[in-house]
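Q: Have a look at the structure that comes next, please.
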Amino acid sequence: AVRVFGRVPNSSSCHPSGSEMCDQIQGKEVMLVHANKAIAKGTEITWSYIPPSNPLNERREALSKYGFTCNCLRCVQEEKTLTASPLTTLGDHLPGNEASMRDMIQTIEQNLSCNEIRVSYAQLYLEYFNTALAQSDIDKINDILKLATRLHFSFVACNNACTEHLSILHMCYDLAGVLHTHSLQHKSEGAMTQVRFWTEQLKKTVMTRYGNLGENLENVRALMKHSKLVLRRKDGWYSVNDKFI
Numbered sequence: 174a175v176r177v178f179g180r181v182p183n184s185s186s187c188h189p190s191g192s193e194m195c196d197q198i199q200g201k202e203v204m205l206v207h208a209n210k211a212i213a214k215g216t217e218i219t220w221s222y223i224p225p226s227n228p229l230n231e232r233r234e235a236l237s238k239y240g241f242t243c244n245c246l247r248c249v250q251e252e253k254t255l256t257a258s259p260l261t262t263l264g265d266h267l268p269g270n271e272a273s274m275r276d277m278i279q280t281i282e283q284n285l286s287c288n289e290i291r292v293s294y295a296q297l298y299l300e301y302f303n304t305a306l307a308q309s310d311i312d313k314i315n316d317i318l319k320l321a322t323r324l325h326f327s328f329v330a331c332n333n334a335c336t337e338h339l340s341i342l343h344m345c346y347d348l349a350g351v352l353h354t355h356s357l358q359h360k361s362e363g364a365m366t367q368v369r370f371w372t373e374q375l376k377k378t379v380m381t382r383y384g385n386l387g388e389n390l391e392n393v394r395a396l397m398k399h400s401k402l403v404l405r406r407k408d409g410w411y412s413v414n415d416k417f418i
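Following the working numbering, the numbering of the sequence shown begins with 174 at its first residue and continues without gaps.
What follows is the structure in structure tokens.
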């Protein structure tokens with residue numbers, strides 16, 4: 174358990190080595206930090222003070238109020254990549270309709286040079302998924318799952334087990350179930366493999382995020398139900414007693 178007394182620039186990273194969560198232990202609020210990747214002995218543990226899925230400009234603006242500019246490896250790499258990329262013209266504001274969001278995502282995918290860029294636009298991908306899934310078209314579900322798979326592996330490489338990553342995994346697990354049901358109805362094969370794959374990915378990420386809390390199956394189910402409610406419903410934050418993931 175780690176008690177946090179202040180914001181320290183050197184411990185901040187937009188590609189952190191730890192995932193933090195709040196918990197109640199013996200009636201006291203504490204912060205638990207679980208490693209989301211291998212950390213060498215003597216290496217400082219870092220975590221992100223802000224949502225890691227925000228674009229570079231938004232992250233730096235949010236951190237400026239703490240009196241420093243983030244120059245972690247991820248931010249430096251993104252700045253270098255974006256300087257000579259068509260992505261600089263995209264801006265940070267989300268477009269308002271599905272077609273515009275799809276075009277913007279295609280531009281990102283065509284000019285992608287590192288996983289961090291895709292993660293920086295995760296909110297765009299999530300908004301597009303939510304809008305596109307309003308239509309229960311099986312071909313569209315297949316396309317979304319393929320795109321979400323790329324986003325999942327980007328999160329594995331950068332900001333593994335963060336809140337947005339959990340949201341993506343919940344969606345992929347649900348979509349794999351829809352495809353499996355469709356395959357049973359049409360006597361096709363292969364969808365069950367996807368269900369097993371996403372079940373395992375979700376299990377691994379929950380264990381990374383919650384540590385020992387994830388060893389008990391009932392705990393895992395409760396955590397999944399809680400985080401899914403918060404992440405997948407617009408009013409989810411107001412429907413739960415505990416205001417954290």
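All C-beta atoms in this analysis are idealised placements derived from N, C-alpha and C, irrespective of residue type, glycine included.
Ignoring anything shorter than 4 residues, give me the alpha helix (DSSP H) runs that lie fully in the segment 323-367, in order along the chain.
A: Here the runs fully enclosed are 336-358.
Q: Any idea if N348 is buried or exposed, counting beta-carbon neighbours within 10 angstroms, 16 or more meaning buried?
A: Position 175 of the sequence shown, counting from 1, holds the residue named residue 348. One detail in the question is off: residue 348 reads as Leu in this sequence, not Asn. L348 is buried by the Cβ-count criterion.
Q: Out of curiosity, what's the CA-to-CA distance linking P259 and S286?
A: Your numbering for residue 259 matches position 86 in the sequence shown. Your numbering for residue 286 matches position 113 in the sequence shown. P259 and S286: Cα-Cα distance of roughly 12 Å.
Q: In three-state DSSP terms, what is Q279?
A: Sequence index remark: in the sequence shown, residue 279 carries index 106 (1-based). Helix, per DSSP.
Q: Applying the 10 Å Cβ sphere with the 16-neighbour rule, what's the burial state of V379?
A: By 1-based counting over the sequence shown, the position of residue 379 is 206. Buried, by the Cβ-count rule.
Q: Output the boundary residues of the alpha helix (DSSP H) element that contains N230.
A: Working through the sequence shown from its first residue, we reach residue 230 at position 57. Counting along the chain, the alpha helix (DSSP H) containing N230 begins and ends at 229-237.
Q: If I'm right that E231 touches A295 with Cβ under 8 Å, what's the distance once you round it to whole angstroms?
A: Translated into the one-based positions of the sequence shown, residue 231 becomes position 58. Translated into the one-based positions of the sequence shown, residue 295 becomes position 122. Not quite, the Cβ-Cβ distance comes to about 12 Å (not below 8 Å), so this is no contact.
Q: So the candidates are S340, R247, S293; which of them puts its Cα closest to the Cα of R382?
A: For the purposes of this step, residue 382 is identified with residue 209 of the sequence shown, where counting begins at 1. If we check each option's Cα against that of R382, S340 comes out closest.
Q: Buried or exposed for S221, going by 16 or more other Cβ atoms inside 10 Å?
A: Here residue 221 is taken as the residue at index 48 of the sequence shown, counted from 1. Flag for S221 reads buried.
Q: Check whether the Cβ atoms of I290 and H355 lie closer than 9 Å to each other.
A: Indexing the sequence shown from 1 puts residue 290 at position 117. Indexing the sequence shown from 1 puts residue 355 at position 182. Cβ distance not < 9 Å, so I290 and H355 don't count as in contact.
Q: Looking only at its chain, what residues have a beta carbon closer than 7 Å to the beta carbon of A334, apart from the 5 residues adjacent to it on each side?
A: The residue labelled residue 334 in the question sits at position 161 within the sequence shown. Contacts found: S192, N209, T378, T381, R382.
Q: In the DSSP assignment, the alpha helix (DSSP H) including A305 goes from what residue to what residue?
A: Translated into the one-based positions of the sequence shown, residue 305 becomes position 132. A305 -> alpha helix (DSSP H) spans 295-305.
Q: When the Cα atoms are used, what is the spatial distance from A305 to E252?
A: Translated into the one-based positions of the sequence shown, residue 305 becomes position 132. Translated into the one-based positions of the sequence shown, residue 252 becomes position 79. Approximately 30 Å, taken between the alpha carbons.
Q: Over the uninterrupted alpha helix (DSSP H) stretch that includes L285, give me the two end residues.
A: By 1-based counting over the sequence shown, the position of residue 285 is 112. It is not in any alpha helix (DSSP H) - L285 carries neither H nor E in the DSSP assignment.
Q: Take L330 as the anchor and find which of R247, I223, P228, L229 has the nearest alpha-carbon.
A: As a first step, residue 330 is located in the sequence shown; it is residue number 157 there, counting from the start. Correcting the residue type first, residue 330 is Ala in the shown sequence and not Leu. Comparing Cα positions, the closest option is R247.
Q: How would you call A395, buried or exposed, if buried means at least 16 neighbouring beta carbons within 10 angstroms?
A: Here the question's residue 395 lines up with position 222 in the sequence shown. That one is exposed.
Q: Can the beta-carbon of V292 be found closer than 9 Å to that of S327?
A: For this step, residue 292 is matched to residue 119 along the sequence shown. For this step, residue 327 is matched to residue 154 along the sequence shown. Cβ atoms of V292 and S327: closer than 9 Å.
Q: On the criterion of 16 or more Cβ atoms from any shown chain inside 10 Å, does S361 qualify as buried, or is it exposed?
A: For this step, residue 361 is matched to residue 188 along the sequence shown. S361 is exposed by the Cβ-count criterion.
Q: For a quick check, are the C-beta atoms of A321 and M344 less than 9 Å apart?
A: Residue numbering aside, residue 321 sits at position 148 when the sequence shown is read from its first letter. Residue numbering aside, residue 344 sits at position 171 when the sequence shown is read from its first letter. Closer than 9 Å, so yes.
Q: Count the other CB atoms, across all protein chains shown, that sit within 10 Å of the CB of H433; report buried if there are 16 or more and exposed otherwise.
A: Limits of the chain in this structure are 174 at one end and 418 at the other, which puts residue 433 out of reach.
Q: On a Cα-Cα basis, can you pick out the residue from T219, T256, F302 that is closest to R275?
A: Position 102 of the sequence shown holds residue 275. Answer by Cα proximity: F302.
Q: Count the other CB atoms, across all protein chains shown, that sit within 10 Å of the CB of L229; report buried if there are 16 or more and exposed otherwise.
A: Along the sequence shown, read from residue 1 onward, the residue named residue 229 stands at position 56. L229 comes out buried.
Q: Considering Cα atoms alone, identify which of N227, V368, A257, G215 is closest to N332.
A: Taking the sequence shown and counting its residues from 1, the one referred to as residue 332 is at position 159. It is N227 whose Cα lies nearest to the Cα of N332.
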